[in-house]
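Notes follow the structure.
In the UniProt record's numbering, the protein residues as written are 1 to 525.
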């Protein structure tokens with residue numbers, strides 16, 4: 001009988017024991033010789049799991065058995081598990097072969113010739129194969145979980161910026177590895193994060209701009225070109241601030257939750273969070289910060305008094321003149337409000353002049369410092385109590401999350417959809433509390449007020465120089481550092497800002513600071 005052989009090895013079991021591709025062929029050839037059969041077609045799937053029903057050679061076999069002109073009369077495998085370790089896929093595939101009048105053989109398993117017994121034995125063999133695979137999978141999961149919980153590298157290719165290095169400690173008889181910083185690649189990681197924050201001239205780069213910059217400068221990703229998707233994975237990988245998540249891409253399993261593995265950090269968590277926020281703001285679907293990213297000096301800061309809409313650039317007389325005009329009047333209804341259209345250059349000059357006069361003086365900064373100090377002293381007790389309460393709340397939420405994960409891991413709870421949603425809500429509450437506590441710490445931090453007259457004068461000098469220059473990007477970024485919004489009313493314009501915001505800008509000023517975009521301002525996205 002003319003037969004086709006189907007061979008498969010999984011990615012985890014290639015060339016092992018007697019189930020290598022070569023070993024399968026040798027065994028089947030010997031069986032065919034003994035039973036007077038001839039192999040006329042060879043289907044091979046290399047490195048593909050038996051749980052996957054979608055395999056190139058397997059798919060071709062399924063198509064060929066439906067072809068009336070097929071060159072063979074039956075299909076032979078080394079073992080039924082080569083077809084699939086999933087019982088349903090196995091039974092469905094073999095049933096298709098039989099229904100199309102082809103024979104089916106296993107070189108290592110004695111399958112009965114009568115159809116009733118054949119189907120029963122096939123189901124038994126398939127169930128045994130699936131059970132063995134399930135047990136192997138559980139064993140591997142347990143070993144990987146143990147490896148991750150003890151802080152070791154779980155295998156695969158090390159993330160860019162790291163190298164997997166052996167450690168002296170041995171668990172059982174198997175050597176373990178940990179992630180160590182690859183200094184050369186780590187410098188590239190730092191460059192990527194810096195470009196995502198400041199670009200090359202102070203304006204943050206998007207993913208495409210970063211990829212272009214790196215590729216043009218001959219900086220490769222392990223001898224490959226940089227792509228948007230590769231950069232996105234890097235800039236969203238918590239590994240780089242010291243927390244590698246094991247099973248981060250897996251659907252949450254009640255018995256196998258995600259595990260945080262501590263690794264050496266390449267960037268700080270604050271830098272990572274800043275870049276992450278910037279990426280979210282730059283997304284095409286996120287229009288909230290698009291006005292802020294406009295190159296026009298006041299767009300995103302200038303608001304109409306009526307509904308709080310942005311004042312945007314509008315042109316007149318064939319584009320010769322530019323005005324700031326309420327976006328609602330432009331896009332919706334010209335009569336929706338009575339805020340005026342104001343000449344762009346005239347308004348920008350007036351705003352900068354007012355800020356230089358009213359805010360950029362040592363006396364003004366001194367008065368704000370005293371005001372804030374007084375406010376902090378008056379609310380010190382209340383602030384301390386608020387922090388204690390929030391820290392207690394955070395402790396309870398964190399403890400609750402950890403307790404839920406423990407119960408799930410002990411099979412005391414099932415991680416169904418409802419529990420998953422509850423956990424996500426608790427995690428969000430945890431993040432909110434962490435941010436609120438961090439904000440309280442910043443407000444009460446004494447380091448914020450540790451600057452003298454020299455630093456105040458330096459800040460005033462630098463910002464005045466920037467406002468007098470032609471560098472719109474730098475001017476807008478400094479403006480964002482000290483001004484919250486500018487409200488345009490029919491007969492007046494109101495400029496408002498936060499005292500803490502201004503003082504933080506002053507405190508971050510250092511000797512040698514250039515008149516380019518300030519690196520401590522992360523709002524320019």
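Heads up, the beta-carbon is just placed ideally off N, CA and C, and yes, glycines get one too.
No experiment lies behind these values; they were computed from the predicted model shown.
Cβ shell of residue i (< 8 Å), same chain only, five flanking positions each side left out
| i | result |
| --- | --- |
| residue 413 | 254, 404, 407, 419 |
| residue 398 | 430 |
| residue 496 | 483, 484, 485, 486, 487 |
| residue 284 | Reliability of the predicted coordinates at residue 284 is poor, the pLDDT of 45 falling under 50, and the value obtained from them is presented with this limitation in mind. Contacts found: none. |
| residue 208 | 228 |
| residue 210 | 192, 195, 196, 226, 231 |
| residue 166 | 175, 176, 177 |
| residue 314 | 322, 323, 324, 325, 330, 341 |
| residue 236 | 276, 279 |
| residue 345 | 322 |
Opening and closing residue of the beta strand (DSSP E) in which residue i lies
| i | result |
| --- | --- |
| residue 100 | It is not in any beta strand (DSSP E) - residue 100 carries neither H nor E in the DSSP assignment. |
| residue 3 | 2–9 |
| residue 487 | 485–488 |
Start and end residues, alpha helix (DSSP H) containing residue i
| i | result |
| --- | --- |
| residue 314 | Premise fails: residue 314 lies in the beta strand (DSSP E), 311–316, not in any alpha helix (DSSP H). |
| residue 496 | That residue, residue 496, is in no alpha helix (DSSP H); its beta strand (DSSP E) goes 493–496. |
| residue 466 | 453–467 |
| residue 477 | 472–482 |
| residue 57 | 56–64 |
Candidates the options, of which the one nearest residue i by Cα
| i | options | result |
| --- | --- | --- |
| residue 431 | 394, 409, 454 | 394 |
| residue 168 | 181, 156, 152, 183 | 152 |
| residue 319 | 343, 45, 396 | 343 |
| residue 480 | 91, 402, 299 | 299 |
| residue 4 | 38, 22, 10 | 38 |
| residue 409 | 373, 146, 206, 384 | 146 |
| residue 331 | 340, 349, 309 | 309 |
| residue 494 | 212, 303, 83, 231 | 303 |
| residue 490 | 338, 364, 411, 243 | 338 |
| residue 461 | 385, 392, 359, 492 | 359 |
| residue 267 | 9, 234, 91, 260 | 234 |
| residue 326 | 468, 345, 306 | 306 |
| residue 569 | 458, 364, 436, 421 | Since the first residue of the chain shown is 1 and the last is 525, residue 569 is not available in this structure. |
| residue 457 | 36, 361, 316 | 361 |
| residue 109 | 466, 101, 60, 81 | 81 |
| residue 219 | 202, 189, 199, 205 | 189 |
| residue 425 | 438, 164, 401, 415 | 401 |
| residue 126 | 156, 427, 453, 90 | 90 |
Any non-hydrogen atom of the ligand ATP within 8 Å of residue i CB
| i | result |
| --- | --- |
| residue 114 | Absence of the ligand ATP from the depicted structure is noted, as is the absence of any ligand whatsoever, leaving it without description. |
Cross-strand partners of residue i (DSSP beta bridge)
| i | result |
| --- | --- |
| residue 34 | The partner list for residue 34 (beta bridge, DSSP) is empty, contrary to what the question assumes. |
| residue 74 | 3, 103 |
| residue 325 | 312 |
| residue 301 | Answer is none; residue 301 lacks a bridge partner. |
| residue 343 | 323 |
| residue 39 | 3 |
| residue 526 | Past the edges of the chain, shown from 1 to 525, lies residue 526, and the structure says nothing about it. |
Other residues of its chain near residue i: CB distance less than 6 Å, five sequence neighbours each side excluded
| i | result |
| --- | --- |
| residue 251 | Confidence in residue 251 is poor, its pLDDT being 49 and thus under 50, which makes the residue's placement unreliable; the coordinate value appears in the next sentence. So the list is empty, once near-sequence residues are dropped. |
| residue 269 | 241 |
| residue 31 | 107 |
| residue 48 | 55 |
| residue 7 | 21, 24, 44 |
| residue 2 | 38, 40, 72, 73 |
| residue 215 | 225, 226 |
| residue 186 | 161, 266 |
| residue 243 | 260 |
| residue 272 | 241 |
7 Å CB neighbourhood of residue i in its chain, flanking five on each side removed
| i | result |
| --- | --- |
| residue 104 | 74, 75, 94, 97, 98 |
| residue 239 | 159, 263 |
| residue 130 | 85, 86, 87 |
| residue 246 | 148, 154, 258, 259, 261 |
| residue 70 | 64 |
| residue 391 | 437 |
Within-9 Å CB hit, residue i to chain C
| i | result |
| --- | --- |
| residue 149 | Absent here is chain C; the protein component of the structure consists of one chain. |
Alpha helix (DSSP H) runs contained entirely in the UniProt domain "Recombinase" (159–285), provided each spans 4 or more residues
183–198, 207–216, 228–235, 269–282
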